[in-house]
Each structure stands twice: as C-alpha cells, then as structure tokens.
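S.K.:
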Amino acid sequence: REPSPGTHEQFVAPLWKQAVGSTIHCAAGDATGIIVAAAITGYFGLRMGTDIWVEYAAGFLFGLFIFQALFMKDMMNMSYGEAVRSSFLPEWMSMNAMMAGMLPTMVLLMSRDMRAMEATSPWFWASMSAATLVGVVVAYPVNWWLVKHQLKHGMGTERALGKGGAPVAAEHQHAGMAMAGMKHAATPLAASAHTGHAMPGMRMEGDGQVSAGRKALVTVLTLVMLAAGYYVAAQYGDLSMRPGQPMNMPQMAMPGMTH
Numbered sequence: 008r009e010p011s012p013g014t015h016e017q018f019v020a021p022l023w024k025q026a027v028g029s030t031i032h033c034a035a036g037d038a039t040g041i042i043v044a045a046a047i048t049g050y051f052g053l054r055m056g057t058d059i060w061v062e063y064a065a066g067f068l069f070g071l072f073i074f075q076a077l078f079m080k081d082m083m084n085m086s087y088g089e090a091v092r093s094s095f096l097p098e099w100m101s102m103n104a105m106m107a108g109m110l111p112t113m114v115l116l117m118s119r120d121m122r123a124m125e126a127t128s129p130w131f132w133a134s135m136s137a138a139t140l141v142g143v144v145v146a147y148p149v150n151w152w153l154v155k156h157q158l159k160h161g162m163g164t165e166r167a168l169g170k171g172g173a174p175v176a177a178e179h180q181h182a183g184m185a186m187a188g189m190k191h192a193a194t195p196l197a198a199s200a201h202t203g204h205a206m207p208g209m210r211m212e213g214d215g216q217v218s219a220g221r222k223a224l225v226t227v228l229t230l231v232m233l234a235a236g237y238y239v240a241a242q243y244g245d246l247s248m249r250p251g252q253p254m255n256m257p258q259m260a261m262p263g264m265t266h
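Each position in the sequence shown, counted from 1, maps to that position plus 7 in the numbering used here.
1) For Y87, count neighbouring Cβ atoms within 10 angstroms of its own Cβ and tell me buried if that reaches 16, exposed if not.
2) For F67, count the other beta carbons within 10 Å of its own beta carbon; 16 or more makes it buried, fewer makes it exposed. Which is it?
3) Tell me which same chain residues have a C-beta within less than 6 Å of the C-beta of G52, skipping the five on either side of it?
4) Along the chain, which unbroken stretches of the beta strand (DSSP E) at least 3 residues long are found entirely within the region 101 to 133?
5) Kindly give me the distance between the Cβ atoms of V144 and G108, rounded to whole angstroms, as I take these residues to be in contact under 8 Å.
6) What would DSSP say about D58, mapped onto helix, strand or coil?
7) With three or more beta-carbon pairs closer than 8 Å as the criterion, would you say the region 58 to 78 touches the region 32 to 42?
8) Evaluate G220 with the Cβ neighbour count: other Cβ atoms within 10 Å of its Cβ, from every protein chain shown; 16 or more gives buried, anything less gives exposed.
9) Would you say P111 and A240 are within 8 Å of each other, going by their C-beta atoms?
10) On the criterion of 16 or more Cβ atoms from any shown chain inside 10 Å, does A133 qualify as buried, or is it exposed?
11) Do you know whose CA, among A20, S11, S29, Y237, lies nearest W60's CA?
12) Alpha carbon to alpha carbon, how far is D2 from P148?
13) Output the distance between the C-alpha atoms of E98 and K159, rounded to the nearest integer angstrom.
14) Going straight from the alpha carbon of A182 to that of G13, what length do you get?
15) Counting along the chain, where does the alpha helix (DSSP H) carrying S29 start and finish?
16) Excluding five sequence neighbours on each side, which residues of the same chain lie with their C-beta closer than 7 Å to the C-beta of K222?
17) Among T226, W23, E16, Q17, whose alpha-carbon lies nearest the alpha-carbon of W151?
18) For M121, verify whether its CB is less than 7 Å away from any heavy atom of the ligand GTP.
19) CB G49 to CB S247, shorter than 8 Å?
Structure follows, in structure tokens:
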C-alpha cells in the first residue's frame, strides 16, 4: 500500500530504492531459473562442473524471456521481440553479477554436505536460499548502475510506468483516504508522469545516454566478477562431485595399526 495516497512515486524515487527493486526483480527471474535447473540436474546426477553452467544458462534464459521481455514489454511499449533485444545486454550484465555471488556459495556449501545437491533434501533449499542472498548483494551495484543509466527499470506504478506498472486505483479504494482536493497530480512526480516525464530510473529508452564503450566496460567487469566467483568455487569447492556420490572422507589411522 502507498505510504499516503498519491505519494508512491515520491516514496520510491531515491535511486537506491529503484536499484533494490531492480535487483529483486533480477533475483526473482535469474535465481528462480537457477534453482529450477539445479533441481532437474540433480535428478540426472550431473557433475557440479557441468551443472553450474546449465544453471547459468537456465537462469539467464528464464530471466530474459519471461521476467524481462514477457512481463515488461507493456511497460516498455514494445513488441515481445523488441523487448528481448532491448533487455538482452542489461539482463546479461545482471545475470553475470547474480551468478558471481550464487556460484561459489552453492559450490562451497554443497562441497561440505552433498545432500545439498538433491532437491529432496532441506539442505538443498537452505543452500539455495543462502546463495540467492549472496547473489542479491553482489548484483546490487551492477543493477544500481543499470538503473542510474536507465538501462533497467526500477520500481514504480501505473501512473509513472504506464500499462506495465503496478495499478494504484485499488490501493486508493482500499485505503479510503482520498483527501479533499487531492488529485493524481498532487505531487510533482505524479504530475510529471501525466505529462510524459517519467521518473529517473523508470524508463528504458536511455540507451543513447551511455556510450557503447562504457557499456562494454561494465559488461567485461561483470564477466570478471563471474570468473572470480568460478575461481573461488574451483579453488575451495569440489566441481567433480555428483548427487548421490559417496563423500571422500579422510581416512583416520586406528590405534595400533601400522602401514
């Protein structure tokens, strides 16, 4: 519900809140795809070194084709195909950052208890929850940059975002707090939405405001983050493990036994 009628745009206007909304939306799509893929690959017994890249592909495709293009095409006033093309690079950057946090967390936790590779175990869901939280923290700075430069959407309402935004009429009815003389344009932010000036971070047509070189630089940075996450996983985890495989326990010498 809005803090008070007609003020939602003002409440969510700060860039950090816009970036939080973008990061949570990223996690909802990418992390969901990763977790679904992990549950399926666990059933087929894939080794972890293969599993993580299947999860990466699934997370990216799920986030791009469903959570970005399908759910956001109305807000972006584009066809589905145009929305896919427009969302591809920002979604890829965001996915790289999300996986940079999730990958090492998953591998390290699962290397310590291989039950966490099987979706039937509570350890699987605990590990995935922890990995998602780490992924959100790592992905936040990248989403902040994307929202700041209007390459990804932040949070908003139908007044600011159009058809794809969250409707507010029902919230006003439910609140029953319509005050005398208060209109939708009661705040400058709401008024700007009606005159076609969307809030900063709430539109995605700002590609021209960021040079191709800067976008390439940030893309490379997210790939470096992903590579660093993979290095940590490979260095301190076990990428050869499979679900159901016996864990290699260190052999302990028994008293009186000699070799």
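Glycine included, every Cβ here is placed at the ideal spot set by N, Cα and C.
M.R.: Quick answer:
1) For this step, residue 87 is matched to residue 80 along the sequence shown. Exposed.
2) Along the sequence shown, read from residue 1 onward, the residue named residue 67 stands at position 60. Classification for F67: buried.
3) For the purposes of this step, residue 52 is taken as residue 45 along the sequence shown, with counting starting at 1. Setting aside the 5 residues that flank it on each side, G52 is surrounded in the same chain by R249, P250, each with a C-beta closer than 6 Å to its C-beta; the list follows chain order.
4) The qualifying runs do not exist here; there are none.
5) Taking the sequence shown and counting its residues from 1, the one referred to as residue 144 is at position 137. Taking the sequence shown and counting its residues from 1, the one referred to as residue 108 is at position 101. Their Cβ separation, rounded to whole angstroms, is 6 Å, which keeps V144 and G108 in contact under 8 Å.
6) Along the sequence shown, one-based indexing puts residue 58 at 51. Note: D58 maps to helix in three-state DSSP.
7) Short answer: they touch.
8) In the sequence shown, counting from the first residue as 1, residue 220 sits at position 213. So G220 counts as exposed.
9) To locate residue 111, count along the sequence shown from 1; it is residue 104. To locate residue 240, count along the sequence shown from 1; it is residue 233. Yes, they are a contact pair.
10) By one-based count along the sequence shown, residue 133 stands at place 126. Classification for A133: exposed.
11) Taking the first residue of the sequence shown as 1, we reach residue 60 at position 53. Nearest to W60 by alpha-carbon distance, out of A20, S11, S29, Y237, is Y237.
12) The structure shown has nothing for residue 2, since the chain only spans 8 to 266.
13) The sequence position of residue 98 within the sequence shown is 91, counting from 1. The sequence position of residue 159 within the sequence shown is 152, counting from 1. The alpha-carbon atoms of E98 and K159 are separated by roughly 8 Å.
14) Numbered from 1 along the sequence shown, position 175 holds the residue referred to as residue 182. Numbered from 1 along the sequence shown, position 6 holds the residue referred to as residue 13. Any reading at A182 is ruled out, since the residue's pLDDT is 43, under 50, leaving its predicted position unreliable.
15) To locate residue 29, count along the sequence shown from 1; it is residue 22. Residues 22 to 33.
16) Taking the sequence shown and counting its residues from 1, the one referred to as residue 222 is at position 215. These residues qualify, in order along the chain: L96.
17) By 1-based counting over the sequence shown, the position of residue 151 is 144. Here the closest residue by C-alpha is W23.
18) In the structure shown, the ligand GTP is absent, as is every other ligand, since no ligand is present at all.
19) On the sequence shown, position 42 is the one that residue 49 refers to. On the sequence shown, position 240 is the one that residue 247 refers to. Contact flag unset, no.
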